[in-house]
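Colleague:
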């Protein structure tokens, strides 16, 4: 059980990495399809504002000289009096492309509006003839290829891990059942990312944007968000389960198992349904894969951050329990060595899994383009291969799993050997055995105790 305590630390680090990777991925995909809808939305809002201004002027019967409000196909300029300077923020669709949030200005003169200053390319970082477009396209193409390979690797390795844990009867326990649900959540997460990309990036032509706002596309994104939340929920379940084993003296695993199922698969659906309703009513833009309204995005983001925080508290509590046990006299000896190995393993996992996450957490948002690209690449690389790491740590390197696989392999080889002996009887003087007897003869002519010794001896010689 002590070796399983490392799982909490791993889960917290995994959850943090998923949170970082998920937030970045959500804001980095399919901008070219989102821009027309955002531009259309800004245009409609501008016309509503200008109509309201015109209505107010007609009611107040004001014929004030100045510059009438207008939509210049990029920005909305409200009405202004002569010699008034008007400032407006950079257009939203340009800010999404460039990441720059600044202001542009126009003067209202007796001859009408002046030219905007500074120019869009200066104030908002927008360049009509941008020579870096090809480089950006190549970068994001390589990025997509990298995390596609990562998620595919995770999907395959986790699928094998689930089959292994479900195949061997001796591995069927509450702990491994929870592991299987965690693996399944990682599988669904990887699958949802691959499906989402196949829908959003189904064609290199701009025609694919016609289906971008379809119900099917939105359903895929909703499924993706559910898989992400379910993944965090099962990480939390793992933490709660292992902490309960340490804290509660008489812990009924079967009694709480269905509560874990509800928490892992049921609770995320509540938040996803609420988020879907809010998106449909308040932010029905594109395929719902870019989150502009922060309040709506917190319906998903809030529970995720809360689950990470709770898992971290559980991790600290378990470390505290371990330290207390290490200080007690009755753990000296073999138990002390177990705790010592556990402490070493935990310390080794801190630099292996945690340093770069902590670094990126406190990393400033305003960085150079090259630094941002490196950061995005590292975080998506770690996030996409995270499922593979989980499968290796929780299944493939697990001592019980390895023992069962070896035992099954030896049984299969032994059965194959017996089948050969029965199908092709050999003279006792040429058989593989002792005193001219075959292995079958030894097992049938000796006592049960001697049968076991002979069986083990023959097995050791053969393998």
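Residue numbers (full-length UniProt numbering): 1 to 463. For glycine and all other residues, C-beta sits at the position ideal for the given N, C-alpha and C.
#1: Taking buried to mean at least 16 other C-beta atoms within 10 Å of its own C-beta, is residue 55 buried or exposed?
#2: Can you look up residue 352 in the DSSP assignment and give me helix, strand or coil?
#3: Enumerate, from N- to C-terminal direction, the unbroken beta strand (DSSP E) stretches of 3 or more residues contained entirely within the region 61–146.
#4: By how many angstroms is the C-alpha of residue 379 removed from the C-alpha of residue 358?
#5: Sort 92, 318, 146, 77 by Cα distance to residue 115 and report the nearest one.
#6: Sort 197, 199, 247, 416 by Cα distance to residue 321 and report the nearest one.
#7: Should residue 184 go down as buried or exposed, given a rule of 16 or more other Cβ atoms within 10 Å for buried?
#8: Just confirm the distance between the C-beta atoms of residue 394 and residue 179, as a whole number of angstroms; I'd bet it's less than 8 Å.
#9: Would the region 148–155 and the region 185–195 be scored as touching if the rule is three or more Cβ pairs under 8 Å?
#10: When the Cα of residue 274 is compared with those of 44, 160, 222, which residue comes out closest?
#11: If we require 3 or more residues per run, which beta strand (DSSP E) segments fall completely within the region 141–203?
#12: Measure the alpha-carbon distance for residue 352 versus residue 407 and round it to whole angstroms.
#13: Quick check on residue 385: does DSSP put it in helix, strand or coil?
#14: Is residue 373 helix, strand or coil by DSSP?
#15: Comparing alpha-carbon positions, which option in 87, 418, 254, 405 lies nearest residue 165?
#16: Using beta-carbon positions only, say whether residue 69 and residue 82 come within less than 7 Å of one another.
#17: Flag this pair as yes or no: are the beta carbons of residue 233 and residue 268 separated by less than 7 Å?
#18: How many Å lie between residue 48 and residue 297 at the Cα?
#19: Alpha carbon to alpha carbon, how far is residue 311 from residue 245? Give it in angstroms, no decimals.
#20: Compute the distance between the beta-carbons of residue 105 and residue 93, then report whether it is under 7 Å.
#21: Which residues in the same chain have their Cβ closer than 6 Å to the Cβ of residue 97, if we skip the five residues on either side of it in sequence?
#22: Starting from residue 540 and walking both ways along the alpha helix (DSSP H), at which residues does that stretch end?
#23: Would you mind working out which of 230, 283, 279 sits nearest residue 264, comparing C-alpha positions?
#24: Leaving aside the five residues before and after residue 391 along the sequence, list all residues of the same chain whose C-beta is less than 6 Å from its C-beta, in chain order.
#25: Within 10 angstroms of the Cβ of residue 190, are there 16 or more other Cβ atoms? Answer buried if so, exposed if not.
#26: Please name the residue, chosen from 403, 414, 171, 181, that lies closest to residue 227 on a Cα-to-Cα basis.
#27: Is it buried or exposed, residue 75, if we count other Cβ atoms within 10 angstroms and call 16 or more buried?
Modeller: The structure says:
#1: As a first step, residue 55 must be located in the chain shown, where it is residue number 55. That one is exposed.
#2: The residue given as residue 352 occupies position 352 in the chain shown. Because the pLDDT at residue 352 is just 37, under 50, the model does not fix this residue reliably, and the point stays unresolved.
#3: You should have 85–89, 103–109.
#4: Reading the chain shown from its first residue, position 358 is the one you call residue 358. Reading the chain shown from its first residue, position 379 is the one you call residue 379. Low per-residue confidence applies at residue 358: pLDDT is 47, beneath 50, and the placement is therefore not dependable enough to give any value.
#5: For this step, residue 115 is matched to residue 115 along the chain shown. With distances taken between Cα atoms, residue 115 lies closest to 77.
#6: For the purposes of this step, residue 321 is taken as the residue at position 321 of the chain shown. For residue 321, the closest C-alpha among the options 197, 199, 247, 416 is that of 247.
#7: Position 184 of the chain shown, counting from 1, holds the residue named residue 184. Counting Cβ neighbours within 10 Å, residue 184 comes out buried, since at least 16 surround it.
#8: By 1-based counting over the chain shown, the position of residue 394 is 394. By 1-based counting over the chain shown, the position of residue 179 is 179. The Cβ separation is near 6 Å, so the contact holds.
#9: Judged by Cβ distances under 8 Å, the region 148–155 makes contact with the region 185–195, as three or more pairs qualify.
#10: For the purposes of this step, residue 274 is identified with residue 274 of the chain shown, where counting begins at 1. Cα-wise, what sits closest to residue 274 is 222.
#11: none
#12: As a working note, residue 352 is residue 352 in the chain shown. As a working note, residue 407 is residue 407 in the chain shown. Bear in mind that a pLDDT of 37 at residue 352, under 50, signals an unreliable position, so the model cannot answer this.
#13: Looking up residue 385 in the chain shown gives position 385. If DSSP states are grouped into helix, strand and coil, residue 385 belongs with coil.
#14: Sequence index remark: in the chain shown, residue 373 carries index 373 (1-based). Residue 373: helix per DSSP, three-state reduction.
#15: By 1-based counting over the chain shown, the position of residue 165 is 165. For the residues 87, 418, 254, 405, the minimum Cα distance to residue 165 belongs to 405.
#16: As a position in the chain shown, residue 69 is number 69, starting the count at 1. As a position in the chain shown, residue 82 is number 82, starting the count at 1. Going by C-beta atoms, residue 69 is not nearer than 7 Å to residue 82.
#17: On the chain shown, position 233 is the one that residue 233 refers to. On the chain shown, position 268 is the one that residue 268 refers to. Yes, the Cβ-Cβ distance between residue 233 and residue 268 is below 7 Å.
#18: By one-based count along the chain shown, residue 48 stands at place 48. By one-based count along the chain shown, residue 297 stands at place 297. Computed Cα separation, rounded: 26 Å.
#19: Counting from one through the chain shown, the residue named residue 245 turns up at place 245. Counting from one through the chain shown, the residue named residue 311 turns up at place 311. Those two C-alpha atoms are separated by around 15 Å.
#20: Position 105 of the chain shown, counted from the start, is the residue given in the question as residue 105. Position 93 of the chain shown, counted from the start, is the residue given in the question as residue 93. No.
#21: Reading the chain shown from its first residue, position 97 is the one you call residue 97. Counting only Cβ-Cβ distances below 6 Å, and skipping sequence neighbours, we find nothing.
#22: The first residue shown for the chain is 1 and the last is 463, placing residue 540 beyond what the model contains.
#23: To locate residue 264, count along the chain shown from 1; it is residue 264. The residue with the shortest Cα to Cα distance from residue 264 is 230.
#24: As a first step, residue 391 is located in the chain shown; it is residue number 391 there, counting from the start. Exclusion of the five residues before and after residue 391 leaves 157, 158, 161 as the residues of its chain whose Cβ lies within less than 6 Å of its Cβ.
#25: On the chain shown, residue 190 is found 190 positions in, with the first residue counted as 1. Residue burial is scored here from C-beta neighbours: residue 190 has at least 16 other C-beta atoms within 10 angstroms and is therefore classed as buried.
#26: Start at 1 with the first residue of the chain shown, and residue 227 comes out as number 227. Of the candidates 403, 414, 171, 181, the one whose C-alpha sits nearest the C-alpha of residue 227 is 181.
#27: Position 75 of the chain shown holds residue 75. Burial check for residue 75: the Cβ neighbour count within 10 Å reaches 16 or more, so the residue is buried.
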